[in-house]
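Using numbering that gives the first Met the number 0, read the sequence shown as starting at 0 and increasing by one per residue.
Glycine included, each C-beta is placed from N, C-alpha and C at the ideal position.
What you are looking at is a predicted structure, and each value in this text was computed from that prediction instead of being measured.
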Amino acid sequence: MTSLCVITARGGSKRIPRKNIRGFCGRPIIAYSIGAALGSGLFDEVMVSTDDEEIAGVARRYGAKVPFMRGPATSGDLATTRDVLVEVLGAYRARGREFDELCCLYPTAPFVTAAKLREAHAMLPGADTVLAVVRFSFPPQRGLVEGGGSLAWWMPECAGARSQDLPPVLHDAGQFYFCRPGRLLAGGALLGPVTRGCEVPETEAQDIDNESDWRIAEMKYERMVADGQAQG
Numbered sequence: 000m001t002s003l004c005v006i007t008a009r010g011g012s013k014r015i016p017r018k019n020i021r022g023f024c025g026r027p028i029i030a031y032s033i034g035a036a037l038g039s040g041l042f043d044e045v046m047v048s049t050d051d052e053e054i055a056g057v058a059r060r061y062g063a064k065v066p067f068m069r070g071p072a073t074s075g076d077l078a079t080t081r082d083v084l085v086e087v088l089g090a091y092r093a094r095g096r097e098f099d100e101l102c103c104l105y106p107t108a109p110f111v112t113a114a115k116l117r118e119a120h121a122m123l124p125g126a127d128t129v130l131a132v133v134r135f136s137f138p139p140q141r142g143l144v145e146g147g148g149s150l151a152w153w154m155p156e157c158a159g160a161r162s163q164d165l166p167p168v169l170h171d172a173g174q175f176y177f178c179r180p181g182r183l184l185a186g187g188a189l190l191g192p193v194t195r196g197c198e199v200p201e202t203e204a205q206d207i208d209n210e211s212d213w214r215i216a217e218m219k220y221e222r223m224v225a226d227g228q229a230q231g
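Right, dumping it as structure tokens:
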């Protein structure tokens with residue numbers, strides 16, 4: 000069984016310039032993803048897909064491989080994660096290499112640990128996809144929507160329900176996906192018919208889209224270090 004980890008790191012981040020290699024608690028943020036992947040012992044190859052030579056240099060310095068650069072078609076704002084993965088798999092296939100398992104790991108996911116990757120990988124047998132998920136902190140069933148100049152319950156039937164009586168709702172933590180390369184190459188979606196979630200707590204997940212997000216993420220990571228859940 001051969002396994003590939005692809006860390007997707009294009010150079011064109013607009014909201015946070017040079018986001019994928021910006022310093023985060025003392026190291027380029029991409030270094031944490033590379034370290035978790037290499038430390039997990041799961042992968043025959045850990046590679047970074049990028050269109051940027053500086054990112055490629057940082058990736059190689061921290062132990063990842065960059066056997067080829069990303070093409071123009073997958074370097075723009077409209078390219079999807081699936082597009083990038085299909086390109087990578089096709090490039091390896093053209094070089095005579097095929098993989099049985101694939102992990103897509105985002106470069107701005109410093110909370111991901113080698114242990115968490117191993118936990119998620121253990122959920123893959125019998126599934127098409129395993130991804131990191133986190134619970135909504137407030138039940139979305141009791142959310143409000145705006146329309147016609149007024150707020151109204153999104154799901155009126157849940158307006159009077161106690162939070163503990165509503166089923167938890169999860170969302171993508173934006174960290175990683177394990178999936179089957181053959182299904183992607185055959186046209187399948189990233190999330191397959193049988194998708195399982197590897198749940199992470201809110202303290203170990205954070206969207207990083209602006210400077211405020213970045214500061215919150217660093218505070219969360221520093222707390223993980225203080226609790227012995229991550230390396231400083």
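DSSP bridge partner residues for residue i (one or two, in chain order)
i	result
Arg195	Val129
His170	Val133
Pro27	Gly22
Lys64	Met46
Same chain, Cβ closer than 8 Å to residue i, five either side skipped, listed in chain order
i	result
Pro165	Contrary to the premise, residue 165 reads as Leu rather than Pro in this sequence. Result list for Leu165: Pro138, Gln140, Arg141, Cys157, in chain order.
Leu183	Arg81, Leu84, Val85, Leu88, Leu101, Leu189
Ile215	Gln205
Contacting residues, own chain, Cβ-Cβ under 6 Å from residue i (five flanking each side not counted)
i	result
Ala126	Val193, Arg195
Pro180	Leu88, Phe98, Leu101
Arg134	Pro167, Leu169
Glu203	Phe110
Residue from the options with nearest C-alpha to residue i
i	options	result
Ala229	Gly38, Leu130, Ser211	Gly38
Ser136	Gly34, Lys13, Gly146, Gln163	Gln163
Glu217	Cys4, Ser2, Pro16, Tyr31	Tyr31
Ile20	Asp51, Glu221, Ala35	Asp51
Arg17	Glu210, Phe175, Glu145	Glu210
Arg69	Ile54, Tyr220, Tyr176, Thr49	Thr49
Tyr220	Met0, Ser12, Phe23, Leu3	Phe23
Extent of the continuous alpha helix (DSSP H) to which residue i belongs
i	result
Glu52	52-60
Gly89	80-93
Gly10	Premise fails: Gly10 is in no alpha helix (DSSP H) and is neither H nor E.
Range of the contiguous beta strand (DSSP E) that encloses residue i
i	result
Met122	No beta strand (DSSP E) contains Met122, which DSSP labels as neither H nor E.
Val234	No information on residue 234 is available, as it lies outside the stretch 0 to 231 that the chain covers here.
Glu232	The question about residue 232 has no answer here: the residues shown for the chain are numbered 0 through 231.
Own chain partners of residue i with C-beta closer than 7 Å, once the 5 adjacent residues on each side are dropped
i	result
Lys64	Glu44, Val45, Met46
Arg14	Asp208, Asn209
Using 8 Å as the threshold, is the stretch 104-120 in touch with the stretch 8-20, meaning 3 or more CB pairs across them? yes
So, does the stretch 89-105 touch the stretch 140-153, judging by three or more C-beta pairs under 8 Å? no
For the stretch 162-174 and the stretch 185-201, state whether three or more C-beta atom pairs, one from each stretch, are separated by less than 8 Å. yes
Touch test, the stretch 21-35 against the stretch 57-64, Cβ-Cβ under 8 Å, three pairs minimum: Counting Cβ pairs under 8 Å, three or more are found: they touch.
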